[in-house]
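For reference, the structure discussed in these notes is given below.
Numbering (my numbering), first residue to last: 42 to 136.
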């Protein structure tokens, strides 16, 4: 029962992080609200980190940790870089 609850909470926290990052990337890219929202995603990320450390299977644990946090780190850094490039007036994407 406890293992199933950990997996459900892990799934929900990963879903919240991924959907939040997609929302930021699509709607709030280059705005200060996007950075504040990205920093707010740290809470479900910490919950996911806690639940993923409770998984006993080491291969699954490291796969989930790697997928979640490499993706989240890449996306958060990309959002911050795009914001600062727009602050300094550098066009990142040319049309």
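Note that CB positions come from ideal geometry on N, CA and C, so glycine has one too.
field: Beta-carbon separation (whole angstroms), residue 61 vs residue 78, contact threshold 8 angstroms
entry: 7 angstroms
Sequence-distant residues of its chain with Cβ nearer than 8 angstroms to residue 64 (five each side left out): 78
- request: Just the C-alpha distance for residue 90 and residue 126, rounded to the nearest angstrom, thanks.
  value: 31 angstroms
- prompt: With residue 51 and residue 105 assumed to form a contact (beta carbons below 8 angstroms), what rounded beta-carbon distance in angstroms separates them?
  reply: 7 angstroms
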